[in-house]
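Take a look at the structure below.
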Amino acid sequence: MLPLITLEEHYLSEAAASSAASAKLLIQHFPSVLKDRLTSLTDLRLQDMKDGNISLQIVSHNPAISYDADICRKANDEIYKGCQKYKSSFAGFAALPMADPVAAAEELTHCVNDLGFVGALITNHANGRFYDGEDYYPFWERAQALDVPIYLHPTNAWDDMMPIYRGDYSEQVAGILSTFGWGWHADTGLHFIKLFCSGTFDRFPKLKVVIGHNGEMVPCMLQRQSDFFEKLIPMKRTLVQVWNNNIWVTTSGMFTIPPFLTLMHTTKIDRIMYSVDYPYCSNTEGLKFMEELQKSGLLTEEQFRQVAYGNAEQLFKVKVQR
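See below:
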């Protein structure tokens with residue numbers, strides 16, 4: 005098996021875990037096998053990487069909720085220390101205070117220029133606000149100027165959104181529907197569509213945005229939406245053109261062939277990257293998928309290399325140890 009790079013791999017900092025905001029995470033209810041991995045940047049994480057044949061992991065802060073600028077700065081400092089200690093194994097994604105677009109832009113600049121981070125992984129909304137408004141132009145402008153990718157990651161539903169997920173079932177089921185059961189992915193896909201419709205990609209045509217989970221449902225609807233938008237919404241480029249030029253997609257948490265088939269038929273192969281969603285998904289489960297994909301014959305040897313690590317090397321300007 006070729007070396008692997010993964011880039012939706014989460015860490016919960018001491019600063020965030022001890023903050024008042026972390027009460028929403030309910031981390032005290034996490035099984036120890038998950039909590040121990042989520043808070044590790046040392047031996048436990050490294051062993052799991054070895055078991056999954058992962059040569060380089062781009063570490064991001066756990067994105068379930070938005071944190072303020074002070075917590076983000078402390079979390080980024082913790083990730084930086086881990087990256088410095090294990091330079092050949094880790095690279096860093098910035099955690100950003102997305103409720104404040106200007107502060108987010110400044111923290112991104114600090115993380116890229118001073119800490120050597122390769123981009124940022126951000127929450128899908130900040131207390132219910134998507135990032136398609138003019139108030140977020142300073143953030144997107146800075147991301148484009150720094151020429152680093154922004155990973156748009158699912159986030160727990162805000163309070164005003166929860167009623168649409170409730171029904172004739174328990175609150176636990178509603179919680180599942182609002183997160184990994186549906187809402188995380190649908191809301192992140194919607195966010196990308198809103199960024200397109202707002203003209204964000206027209207205003208900042210060199211933006212680099214990464215979306216996980218095989219594209220957060222967008223590939224299934226891409227051509228239909230693009231055709232309608234082209235007729236009804238005046239844009240400099242079609243949705244498909246933006247998808248082909250501004251978007252990269254990871255396989256995080258999606259370890260079966262049929263969804264990958266949809267992805268590869270709608271997305272250029274040089275825009276697809278392997279990822280796991282560690283520690284919520286296991287590196288060994290991801291490795292089994294990659295082995296199955298390699299044996300399937302769907303990809304040429306060069307295309308498989310691109311998905312395994314080549315595309316990530318090129319996008320993030322990193323190198324794996326072969």
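One point on numbering: in this note's numbering, the residue at position 227 of the sequence shown is 231, and numbering is uninterrupted. For glycine and all other residues, C-beta sits at the position ideal for the given N, C-alpha and C. Nothing here was measured: the structure is a model prediction, and the numbers come from that model.
Buried versus exposed call for residue i [16 or more other C-beta atoms within 10 Å across all chains shown]
i: residue 209; result: exposed
i: residue 91; result: exposed
i: residue 120; result: exposed
i: residue 173; result: exposed
i: residue 220; result: buried
i: residue 269; result: exposed
i: residue 111; result: buried
i: residue 1; result: Outside the modelled stretch of the chain, which goes from 5 to 326, sits residue 1, for which no answer is possible.
i: residue 127; result: buried
i: residue 46; result: exposed
i: residue 4; result: Summary: the structure shown does not reach residue 4, with the chain confined to residues 5 through 326, and so no result is reported for it.
i: residue 257; result: buried
i: residue 37; result: exposed
i: residue 326; result: exposed
Helix, strand or coil at residue i according to DSSP, with G and I counted as helix
i: residue 14; result: strand
i: residue 303; result: coil
i: residue 41; result: helix
i: residue 58; result: strand
i: residue 221; result: coil
i: residue 6; result: coil
i: residue 277; result: strand
i: residue 239; result: coil
i: residue 318; result: helix
i: residue 325; result: coil
i: residue 247; result: helix
i: residue 283; result: coil
i: residue 121; result: coil
i: residue 171; result: coil
i: residue 257; result: coil
i: residue 294; result: helix
i: residue 288; result: helix
i: residue 53; result: helix
i: residue 165; result: helix
Opposing strand residues paired with residue i [DSSP bridges]
i: residue 96; result: 63
i: residue 252; result: 214
i: residue 226; result: DSSP output for residue 226 lists no bridge partner at all.
i: residue 133; result: 130
Residue range of the beta strand (DSSP E) that includes residue i
i: residue 155; result: 154 to 157
i: residue 127; result: 124 to 127
Euclidean distance between Cα positions of residue i and residue j
i: residue 149; j: residue 58; result: 31 Å
i: residue 204; j: residue 19; result: 33 Å
i: residue 309; j: residue 62; result: 18 Å
i: residue 11; j: residue 78; result: 21 Å
i: residue 229; j: residue 243; result: 7 Å
i: residue 314; j: residue 170; result: 43 Å
i: residue 193; j: residue 222; result: 6 Å
i: residue 168; j: residue 239; result: 31 Å
i: residue 195; j: residue 9; result: 26 Å
i: residue 284; j: residue 293; result: 16 Å
i: residue 198; j: residue 186; result: 18 Å
i: residue 113; j: residue 251; result: 21 Å
i: residue 81; j: residue 87; result: 10 Å
i: residue 155; j: residue 135; result: 13 Å
i: residue 104; j: residue 289; result: 37 Å
i: residue 305; j: residue 273; result: 12 Å
i: residue 398; j: residue 312; result: Outside the displayed span of the chain (5 to 326) sits residue 398, for which this structure offers no information.
i: residue 166; j: residue 6; result: 43 Å
i: residue 107; j: residue 266; result: 38 Å
i: residue 282; j: residue 158; result: 14 Å
i: residue 200; j: residue 224; result: 17 Å
i: residue 100; j: residue 115; result: 10 Å
i: residue 297; j: residue 260; result: 9 Å
i: residue 40; j: residue 48; result: 8 Å
i: residue 85; j: residue 17; result: 11 Å
i: residue 234; j: residue 202; result: 14 Å
i: residue 94; j: residue 21; result: 21 Å
i: residue 264; j: residue 118; result: 37 Å
Boundaries (first-last residue) of the alpha helix (DSSP H) holding residue i
i: residue 105; result: 105 to 117
i: residue 180; result: 175 to 182
i: residue 1; result: With the chain covering 5 to 326 only, the question about residue 1 has no answer from this structure.
i: residue 89; result: 73 to 89
i: residue 34; result: Careful: residue 34 lies outside any alpha helix (DSSP H) and carries neither H nor E.
i: residue 201; result: 187 to 201
i: residue 266; result: 261 to 270
i: residue 204; result: 204 to 207
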